[in-house]
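K.L.:
Chains A and B, in that order, give the protein sequences.
First residue of the first sequence? That's 1 in full-length UniProt numbering, and the numbers climb one at a time after it.
First residue of the second sequence? That's 1 in full-length UniProt numbering, and the numbers climb one at a time after it.
Here a beta-carbon is modelled for each residue, glycine too, at the ideal position from N, C-alpha and C.
Protein chains: 2
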Amino acid sequence: MSKAPVRGFPEAEFAARTQKAQTLMAQQGLDGLLLLTEPDVRYFSGFHTLFWQSPTRPWFLFVPPAGKPVAIIPEIGADLMRRTWIGDIRTWSAPAPEDDGISLLTELLSPIAGRGGTVGIMKGHETALRMPLGDFERLIGGLPGLNIADATLLVRSLRMVKSAAEIEKLSHICGIGSRTFAQVPQFAHEGQPFEDLFRAFRREALTQGADDVPYLVGGAEQGGYSDVISPPTGRPLQAGDIVMLDTGSTWDGYFCDFDRNFAIGRADDLSRRAYDVLWRATEAGIAAARPGATCRDLFQAMQSVIAEMDGQGGDVGRLGHGLGMQLTEWPSHAAFDGTVIEENMVLTLEPSLGYGDGKIMVHEENIVVRADGADLLTTRAAPELPVI
Amino acid sequence: MSKAPVRGFPEAEFAARTQKAQTLMAQQGLDGLLLLTEPDVRYFSGFHTLFWQSPTRPWFLFVPPAGKPVAIIPEIGADLMRRTWIGDIRTWSAPAPEDDGISLLTELLSPIAGRGGTVGIMKGHETALRMPLGDFERLIGGLPGLNIADATLLVRSLRMVKSAAEIEKLSHICGIGSRTFAQVPQFAHEGQPFEDLFRAFRREALTQGADDVPYLVGGAEQGGYSDVISPPTGRPLQAGDIVMLDTGSTWDGYFCDFDRNFAIGRADDLSRRAYDVLWRATEAGIAAARPGATCRDLFQAMQSVIAEMDGQGGDVGRLGHGLGMQLTEWPSHAAFDGTVIEENMVLTLEPSLGYGDGKIMVHEENIVVRADGADLLTTRAAPELPVI
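Right under this line is the structure:
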């Protein structure tokens with residue numbers, strides 16, 4: 001196990017994130033940001049708990065035009081929030097279906113509403129409203145004069161570019177994932193129920209130092225898999241299977257997200273060819289991932305190699321994405337995404353193709369973009385389909 | 001490892017769930033249900049994947065007044081959805097920020113809007129809007145005449161009462177959790193960094209047969225912990241620590257949710273007393289959990305014992321909740337919840353109290369309510385605080 005970085009972040013990191021947000025808020029005429037989701041609340045506060053798994057209680061963080069954010073949270077989280085840099089923590093005894101934070105929020109936002117001000121919330125692509133819609137409607141209905149703006153692009157522009165400390169965490173979990181995949185040939189074998197391989201993989205990732213393995217999907221079928229998002233079945237691995245495992249493991253709240261492909265006993269020619277094409281598509285993606293290029297450029301660099309074997313483009317919708325506090329983050333390597341790649345973005349390269357009779361293959365690596373090009377965070381996949 | 005039940009459900013189970021929903025929809029004048037979240041989509045379709053971890057793509061399931069549900073989903077999920085009982089699967093290549101399913105939904109809902117019909121969505125307590133709010137506003141704005149009703153109570157009434165097959169899965173994962181906790185004294189020890197105990201617990205749960213351990217929180221401090229939702233620190237366990245571990249482990253998409261308390265080396269008198277009070281509060285909850293009682297009754301049965309030591313009621317907000325496809329589900333054992341307990345509800349009993357200088361203790365067991373009272377799904381906690 002390699003030495004782990006320090007957990008958490010110094011207060012200066014949260015102060016810098018908040019100040020950057022406040023600069024953009026001033027430019028865009030926002031009188032506050034109201035954040036509701038686990039990653040957004042954690043990004044500005046450092047509040048880190050798996051308790052978000054419970055859908056029962058809403059949590060709110062308000063970023064004012066100046067000064068520290070204000071937390072409006074269930075009392076059960078007060079002790080943990082007091083350990084962050086947040087000073088102004090307002091709580092209620094939740095759950096309280098009649099008033100789950102609404103009157104506290106109304107009190108906070110009323111002065112802004114009174115002067116016809118504007119609050120930004122996340123309502124754009126890749127977001128969700130992490131509170132009851134009925135409560136949201138009641139909140140807004142009780143604040144006549146309040147304007148709501150979409151703050152998705154603002155928050156996205158901050159979160160897409162990682163700090164040195166974030167990159168250190170991401171590099172650490174990518175290393176753990178790489179060492180876990182390196183062990184797969186030791187614990188995967190013909191006759192093994194696929195679900196047992198999943199359990200063995202999770203156990204190995206924990207042994208290698210992962211905090212958790214919240215995401216593990218895969219496929220295993222004769223001559224190639226047809227699906228890339230399934231949980232495992234009890235079907236035993238057979239000679240001639242192509243096996244794919246794709247993990248989102250975490251360390252200190254940061255994800256790796258990559259996969260590896262293996263053949264059991266023997267590899268068929270078509271799968272070997274698909275593997276080679278995707279390996280070279282990934283190389284093209286690595287070469288294209290430089291500051292100033294767009295996500296569309298990255299997409300096209302990979303797609304031009306994929307087209308050797310599959311001109312249709314597949315049905316995955318994109319060939320990679322941002323990576324950080326979530327398994328998938330903005331941007332998308334897709335024809336629709338003109339986002340300009342910047343130094344210190346952490347990205348996945350995830351070329352895929354359809355082949356044979358309804359088969360699909362996916363490769364994936366994780367990179368950080370530096371001034372002079374991409375650095376791999378993952379140990380590069382073998383250039384030829386490994387046979388177990 | 002005990003023999004696992006069969007994975008998945010027969011088609012008849014989904015048909016029965018759908019028909020029950022449709023009966024209630026007819027009574028309430030609903031022309032359809034539009035479902036957006038992982039558990040709601042899975043409940044009516046059987047669509048089961050960890051891919052929901054990625055926030056990028058919305059997923060939609062529409063329950064019509066008669067017949068099978070209709071899936072409107074990203075193409076990447078089509079192969080997996082085709083393995084369920086759903087026949088009508090409409091897909092688009094997602095992500096597509098300009099039209100992430102909105103035109104497909106508009107096409108589906110236009111006839112209902114045209115006749116001034118009503119569609120139910122989940123907008124009440126313990127729900128979230130699992131799609132971009134901007135897209136939702138655009139969808140509704142494009143369907144003049146469409147009425148939106150809150151379907152939370154409808155879906156809640158179905159999901160709160162479990163089928164025999166669901167109870168079998170819940171019993172299986174509660175058994176796995178119980179056997180894992182039984183091993184804690186074997187792998188927990190003084191000097192062990194708390195985060196290493198978390199890793200050891202996860203590994204043991206997997207060994208015992210859990211598919212995953214998506215939720216594991218705890219506390220470990222001298223003479224009692226002060227927080228019950230934290231991730232672990234690297235602090236080594238010390239003699240005199242009171243340690244609590246609370247897990248939501250899963251099998252085939254169903255959760256256990258319970259905790260256990262331990263003392264390291266020695267237990268202080270106050271913590272032993274808190275443990276005894278909570279153990280007896282749980283007994284009172286078990287005795288009170290009968291069909292016809294309300295969640296308020298359950299709350300009061302436990303609270304009357306807790307009051308021996310803590311009259312304030314603590315800050316957790318409730319003393320247990322429903323359990324199933326989510327770590328926490330409706331109802332809540334709280335003064336505000338008059339839900340009548342029914343046969344085949346699966347519930348947690350989770351009494352807690354504050355004591356000493358800012359300490360808190362929590363106990364938790366999982367039960368299924370039968371005609372003649374509660375059956376434990378978890379192996380009952382020891383009546384006295386175990387010392388490791």
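Would Leu153(B) be called buried (16 or more neighbouring beta carbons within 10 Å of its own) or exposed?
P.N.:
The residue is exposed, with fewer than 16 neighbouring Cβ atoms inside 10 Å.
K.L.:
Please classify Arg115(A) as buried or exposed, where buried requires at least 16 other C-beta atoms within 10 Å of its C-beta.
P.N.:
Exposed, since its Cβ has fewer than 16 Cβ neighbours within 10 Å.
K.L.:
Could you spell out the range, first to last residue, of the alpha helix (DSSP H) harbouring Arg272(B)?
P.N.:
From DSSP, the alpha helix (DSSP H) with Arg272(B) extends over Asp269 to Ala288.
K.L.:
State the CB to CB distance for the pair Ser249(B) and Gly177(B), rounded to an integer number of angstroms; the pair is presumed to be in contact (CB under 8 Å).
P.N.:
Going by Cβ atoms, the distance from Ser249(B) to Gly177(B) rounds to 5 Å, so yes, they are a contact pair.
K.L.:
Since Arg130(B) meets chain A, which of its residues come closer than 7 Å, beta carbon to beta carbon?
P.N.:
Residues of chain A passing the Cβ test: Ala128.
K.L.:
According to DSSP, Leu34(A) sits in a beta bridge with which residue or residues?
P.N.:
DSSP output for Leu34(A) lists Phe62(A) as bridge partner(s).
K.L.:
Spell out whether any CB of chain B is found under 8 Å from the CB atom of Val346(A).
P.N.:
With 8 Å as the cut-off, Val346(A) does not count as an interface residue toward chain B.
K.L.:
Go through its chain and collect everything with a Cβ distance to Phe47(B)'s Cβ below 6 Å, but skip five positions before and after it.
P.N.:
These residues qualify, in order along the chain: Val41, Met81 and Thr84.
K.L.:
Could you please give me the residues that DSSP links to Arg138(A) through a beta bridge?
P.N.:
Per DSSP, none; premise fails for Arg138(A).
K.L.:
Output needed for Leu139(A): all residues of its chain with C-beta closer than 7 Å, excluding positions within five of it in sequence on either side, in chain order.
P.N.:
Ile102, Leu105 and Thr106, listed in sequence order.
K.L.:
Taking the beta carbon of Glu38(B) as the centre, do at least 16 other beta carbons fall within 10 Å, making it buried, or is it exposed?
P.N.:
Label assigned to Glu38(B): buried.
K.L.:
Would you say Thr56(B) faces chain A, with C-beta separation under 8 Å as the test?
P.N.:
So yes, Thr56(B) belongs to the interface.
K.L.:
Under a three-way DSSP split, which group does Phe258(A) fall into?
P.N.:
If DSSP states are grouped into helix, strand and coil, Phe258(A) belongs with the strands.
K.L.:
Enumerate in chain order the residues of its own chain whose CB-to-CB distance from Phe194(B) is below 6 Å, with the five nearest sequence positions on each side excluded.
P.N.:
Ala220, Pro232, Thr233 and Arg235, listed in sequence order.
K.L.:
Give the straight-line distance between the Cα atoms of residue 473(A) and Leu327(B), rounded to the nearest whole angstrom.
P.N.:
No answer is possible for residue 473(A): it lies beyond the span of chain A, which begins at 1 and ends at 388.
K.L.:
Using CA atoms only, rank isn't needed, just tell me which of Arg280(A), Tyr225(A), Pro58(A) and Arg199(A) is closest to Phe136(A).
P.N.:
It is Pro58(A).
K.L.:
Report the start-end ranges of each beta strand (DSSP E) in the stretch 144-209 of chain B that is 3 residues or longer and not cut off at the edges.
P.N.:
For the stretch 144-209 of chain B, whole beta strand (DSSP E) runs of length 3 or above, ordered along the chain, are 147-150.
K.L.:
Give me the chain A residues within the contact set of Ala96(B), using Cβ-Cβ distance strictly less than 9 Å, ordered along the chain.
P.N.:
In chain order: Gly317, Ala334 and Phe336.
K.L.:
So for Arg90(B), helix, strand or coil by DSSP?
P.N.:
DSSP places Arg90(B) in strand when its eight states are reduced to three.
K.L.:
Quick one: is Thr379(A) near chain B, going by C-beta distance under 8 Å?
P.N.:
It does not; no Cβ of chain B falls within 8 Å.
K.L.:
Measuring CB atoms only, is the stretch 337-350 of chain A touching the stretch 366-380 of chain A, in the sense that at least three cross pairs come out at less than 8 Å?
P.N.:
Touching, per the Cβ criterion.
K.L.:
Got a sec, what are the start and stop residues for the beta strand (DSSP E) Lys359(A) sits in?
P.N.:
Note, Lys359(A): beta strand (DSSP E), Lys359 to Val362.
K.L.:
Please state if the CB of Thr49(B) and the CB of Arg75(B) are separated by a distance shorter than 8 Å.
P.N.:
It should be pointed out that residue 75(B) corresponds to Glu in this sequence rather than to Arg. Their beta carbons are not under 8 Å apart, which means Glu75(B) does not touch Thr49(B) by this criterion.
K.L.:
In the structure shown, what three-state DSSP assignment does Ala301(B) receive?
P.N.:
Residue state, collapsed to three classes: helix.
K.L.:
Grouping DSSP H, G and I as helix and E and B as strand, with all else coil, what is Arg370(B)?
P.N.:
Note: Arg370(B) maps to strand in three-state DSSP.
K.L.:
Kindly identify the DSSP beta-bridge partner or partners of Asp246(A).
P.N.:
Paired residues: Val217(A) and Asp259(A).
K.L.:
Answer with yes or no whether the minimum CB distance from Gly134(B) to chain A is below 8 Å.
P.N.:
Taking Cβ atoms only, chain A reaches closer than 8 Å to Gly134(B), which makes this a yes.
K.L.:
Anyone know if the C-beta pair for Gly117(B) and Leu158(B) falls short of 8 Å?
P.N.:
The answer is no: Cβ separation not under 8 Å.
K.L.:
By how many angstroms is the C-alpha of Trp52(B) removed from the C-alpha of Met361(A)?
P.N.:
Rounded to whole angstroms, Met361(A) to Trp52(B) spans 20 Å at the Cα level.
K.L.:
Just list the residues that DSSP pairs Trp251(B) with in beta bridges.
P.N.:
Note: Trp251(B) sits in a beta bridge opposite Tyr254(B).
K.L.:
What's the gap between the Cα of Gly134(A) and the Cα of Leu109(A)?
P.N.:
Straight-line Cα distance between these residues: approximately 18 Å.
K.L.:
For Arg115(B) and chain A, any beta-carbon pair shorter than 8 Å?
P.N.:
Arg115(B) does not count as touching chain A.
K.L.:
If distances are taken between C-alpha atoms only, which option among Leu216(A), Asp246(A), Arg179(A) and Trp251(A) comes closest to Lys169(A)?
P.N.:
Cα-wise, what sits closest to Lys169(A) is Trp251(A).
K.L.:
Starting from Gly120(B), follow the beta strand (DSSP E) in both directions and report where the run begins and ends.
P.N.:
Its beta strand (DSSP E) spans residues Thr118 to Ile121.
K.L.:
Grab me the residues of Ile86(A)'s own chain with a C-beta within less than 7 Å of its C-beta, minus the 5 sequence neighbours each way, in chain order.
P.N.:
Contacts found: Ser45, Lys68, Pro69 and Ala71.
K.L.:
Would you say His48(B) faces chain A, with C-beta separation under 8 Å as the test?
P.N.:
Closer than 8 Å: yes.
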